[in-house]
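The structure appears below as C-alpha cells.
Chains as they are written, first to last, in the working numbering: chain A, 8 to 188; chain B, 136 to 429.
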C-alpha cells in the first residue's frame with residue numbers, strides 16, 4: 008500500500024513537472040510576443056529609385072525590463088529574421104549603405120554573403136529578385152535616452168555603389184514615449 | 136593529475152573542437168558542408184540549428200536534409216539512437232561552459248534543483264511546449280536560443296562589441312549561465328531542464344538502449360566499491376547515490392563519460408550488449424527509488 012502510494016505520488020509529481028515545463032516555454036513565448044516592438048523590423052524594395060520608405064519609429068519605452076537594465080541604448084534597425092529589401096529593379100545592383108544624422112554610433116551589418124564584415128560594405132551585386140538582409144546597429148549613450156521625447160532622427164541611405172544614385176532612403180526616428188513633451 | 140581532472144581536460148578538448156566545428160568565427164563543419172559538399176546553409180551556428188530544423192519539421196515545412204542544419208540534425212539524431220546523446224556530452228560548448236564555470240563556484244552557493252524538481256519530465260514538457268508553440272502563434276526558437284547567444288558573446292568578446300540583445304536573450308543568458316548554470320549543482324541545469332535538443336536525444340537514447348547492438352552506459356555491479364565518486368562528478372545528476380543505492384536515470388545522461396573516467400575501479404563502461412541497469416528498473420524517473428544495492 009505504501010509503495011503504491013509512493014508510486015502514485017511520483018507519477019503525480021512527474022505529471023505536474025511535465026506541465027510546468029510546457030507552461031514555462033509557452034509562457035516564455037507569450038512574454039516574447041509582448042515584446043515584439045522591442046526589435047521591430049522594416050520591409051522595403053528597390054524599384055524605381057530614389058524612394059523614401061515608410062518611417063521606422065523605435066520607442067525605447069517598448070523595451071522589456073531586462074533590455075532596459077542591460078542594453079537600452081543598443082538598438083537594431085533591421086529587415087528582421089528571414090526578411091530583406093527586395094531588388095525589383097530588374098538588374099543586379101551593388102549596394103552601398105550609409106547613415107545620416109542618427110544619434111549615437113551607427114554600424115551597418117548584414118548576414119548576406121555579399122557583405123564584407125571587415126569593410127562593412129557589400130562587395131558583390133544583389134541580383135534582380137534577390138533580397139538584401141540588412142541591419143543598422145545604433146549605440147546611443149544612456150544619458151540621451153531619457154532627456155527628450157524625441158531622442159534623435161536620421162536616415163539610412165541606400166545607394167548604387169557604381170554610379171552613386173540613391174536607391175532608397177529609410178527615415179528613422181528614435182523616441183522615448185515615457186518622456187513627456 | 137587525478138582521474139577527475141584528466142577526464143575534465145579530455146572532455147574540454149572535445150568541447151573546444153565542438154566550438155570550432157559549429158560556431159562563428161570558425162564554423163568549420165558548415166564551411167565543409169557548404170564549400171566541399173555544396174549543401175546550402177549559413178556558416179555560423181544558425182547553419183547547424185537543430186531547433187529551426189525541428190521547428191520546420193513540426194510546422195509542416197519538412198526536414199530539408201540537403202542543408203547544413205538538415206544534415207547536422209540528421210547526424211545528431213542517428214548518433215543518439217546508436218550511441219546516446221554524444222553531441223551533448225562530447226561537443227556542445229554551450230552546455231559545457233556553465234558546467235566548467237560552476238566548478239569554480241563553492242558548493243554551498245549551488246542549488247541541487249533535482250532534489251526538489253525532477254528534471255526529465257520538466258524537460259520533456261518543455262519540448263512539448265517548444266513543439267506546440269508555433270500552433271499558438273508564438274515563437275521560442277530564436278529569441279531564447281542559448282547557442283546564438285553563446286556565439287554573440289564570443290564574437291562580442293573578440294571585437295569588444297557585444298551584439299544587440301533582446302530581453303528574451305538577456306533572460307536566457309541569465310538562466311542558462313547563472314540560475315541553472317554556475318549556481319546549480321553540476322552546472323548543467325539548462326541542459327537537464329530546458330534544452331529541447333537534449334530532450335530529443337534522450338528520448339532516442341532511451342529507445343536505443345533497448346536494442347542489444349547500441350551503446351549504453353554499463354555498470355559492473357559486482358566490482359563497484361560504492362565510493363560514490365561517479366555520482367558526485369556527474370554533471371547532470373544522472374547518477375545519484377542515496378541510502379547506499381546507486382541510481383541511474385538515462386533521461387538525464389548526456390554520455391559525457393565523466394563517470395567512466397572518474398571511477399577508480401573502472402566498473403562503469405560505455406558499450407554494447409544488454410542494459411545492465413535495466414533489471415533494477417531504475418532508469419525510469421517515475422520509479423527511480425529502486426536501485427543497485429551497494
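Beta carbons are placed, not taken as given, at the ideal position from N, Cα and C, and that holds for glycine.
Kindly list, in the order they appear in chain A, the residues whose Cβ is closer than 7 angstroms to that of residue i.
{"i": "residue 265 of chain B", "result": "32"}
{"i": "residue 277 of chain B", "result": "88"}
{"i": "residue 306 of chain B", "result": "73"}
{"i": "residue 268 of chain B", "result": "32, 33 and 36"}
{"i": "residue 204 of chain B", "result": "Simply none; closest approach about 14 angstroms."}
Show which residues of chain B have a CB atom less than 8 angstroms away from the CB atom of residue i.
{"i": "residue 150 of chain A", "result": "The contacting residues do not exist; residue 150 of chain A stays about 19 angstroms from chain B at best."}
{"i": "residue 72 of chain A", "result": "302"}
{"i": "residue 45 of chain A", "result": "301 and 302"}
{"i": "residue 42 of chain A", "result": "301, 302 and 303"}
By the criterion of Cβ-Cβ separation under 9 angstroms, what are the contact partners of residue i in chain B?
{"i": "residue 81 of chain A", "result": "297, 298, 299 and 300"}
{"i": "residue 130 of chain A", "result": "Ordered by position in chain B, no residue passes the 9 angstroms Cβ test against residue 130 of chain A, which lies about 16 angstroms from the chain."}
Compute the beta-carbon to beta-carbon distance between residue i and residue j, rounded to the nearest angstrom, for a pair I have assumed lies under 8 angstroms.
{"i": "residue 260 of chain B", "j": "residue 29 of chain A", "result": "4 angstroms"}
{"i": "residue 129 of chain A", "j": "residue 101 of chain A", "result": "6 angstroms"}
{"i": "residue 133 of chain A", "j": "residue 156 of chain A", "result": "37 angstroms between Cβ atoms; not a contact."}
{"i": "residue 390 of chain B", "j": "residue 224 of chain B", "result": "4 angstroms"}
{"i": "residue 53 of chain A", "j": "residue 94 of chain A", "result": "5 angstroms"}
{"i": "residue 233 of chain B", "j": "residue 317 of chain B", "result": "6 angstroms"}
{"i": "residue 135 of chain A", "j": "residue 117 of chain A", "result": "In fact, because the Cβ distance is near 18 angstroms, the residues do not count as touching under 8 angstroms."}
{"i": "residue 396 of chain B", "j": "residue 350 of chain B", "result": "The Cβ separation is near 16 angstroms, so there is no contact."}
{"i": "residue 267 of chain B", "j": "residue 327 of chain B", "result": "Not a contact, Cβ separation roughly 21 angstroms."}
Bridge partners for residue i per DSSP, in chain order?
{"i": "residue 85 of chain A", "result": "A/48 and A/142"}
{"i": "residue 11 of chain A", "result": "Answer by DSSP bridge pairing: none, since residue 11 of chain A is not bridged."}
{"i": "residue 123 of chain A", "result": "A/128"}
{"i": "residue 405 of chain B", "result": "B/352"}
{"i": "residue 92 of chain A", "result": "A/139"}
{"i": "residue 202 of chain B", "result": "B/175"}
{"i": "residue 188 of chain A", "result": "Partner(s): none; residue 188 of chain A has no beta bridge."}
{"i": "residue 246 of chain B", "result": "B/319"}
Go to residue i, then tell me how far its beta strand (DSSP E) extends in each direction, as first and last residue.
{"i": "residue 159 of chain A", "result": "157-167"}
{"i": "residue 181 of chain A", "result": "173-182"}
{"i": "residue 112 of chain A", "result": "112-116"}
{"i": "residue 63 of chain A", "result": "63-66"}
{"i": "residue 376 of chain B", "result": "374-377"}
Run down chain B in chain order and give the residues with a C-beta less than 7 angstroms from the C-beta of residue i.
{"i": "residue 20 of chain A", "result": "253"}
{"i": "residue 144 of chain A", "result": "299"}
{"i": "residue 26 of chain A", "result": "260"}
{"i": "residue 29 of chain A", "result": "260, 261, 263 and 264"}
What residues from chain A crowd round residue i, counting only those whose CB sits closer than 9 angstroms?
{"i": "residue 271 of chain B", "result": "33, 36 and 37"}
For the alpha helix (DSSP H) holding residue i, just list the boundary residues, first then last.
{"i": "residue 434 of chain B", "result": "With chain B covering 136 to 429 only, the question about residue 434 of chain B has no answer from this structure."}
{"i": "residue 105 of chain A", "result": "Per DSSP, residue 105 of chain A belongs to no alpha helix (DSSP H); it is in the beta strand (DSSP E), 102-107."}
{"i": "residue 382 of chain B", "result": "Careful: residue 382 of chain B lies outside any alpha helix (DSSP H), inside the beta strand (DSSP E) at 380-383."}
{"i": "residue 386 of chain B", "result": "No alpha helix (DSSP H) contains residue 386 of chain B, which DSSP labels as neither H nor E."}
{"i": "residue 265 of chain B", "result": "254-267"}
{"i": "residue 393 of chain B", "result": "393-397"}
Check whether chain C comes within 9 angstroms of residue i, counting only Cβ atoms and requiring the distance to be less than that.
{"i": "residue 160 of chain A", "result": "Included in the structure are the protein chains A and B, with no chain C among them."}
Can you pull the chain A neighbours of residue i, defined as C-beta to C-beta under 8 angstroms?
{"i": "residue 257 of chain B", "result": "24, 25, 27, 28 and 31"}
- Task: Count the CB pairs spanning the segment 343-358 of chain B and the segment 298-309 of chain B that are closer than 8 angstroms, and state whether there are at least three.
- Result: no
- Flag this pair as touching only if the segment 318-332 of chain B and the segment 245-264 of chain B have three or more C-beta atom pairs under 8 angstroms; answer yes or no. yes
- Inter-stretch contact (C-beta, 8 angstroms, three-pair minimum) for the segment 160-174 of chain B and the segment 194-207 of chain B: yes
- Message: Can you confirm whether the segment 116-124 of chain A touches the segment 148-163 of chain A when touching is taken to mean that 3 or more C-beta pairs between the two stretches lie within less than 8 angstroms?
- Response: no
- Query: Does the segment 362-377 of chain B touch the segment 166-184 of chain A, meaning 3 or more C-beta pairs lie closer than 8 angstroms?
  - Reply: no
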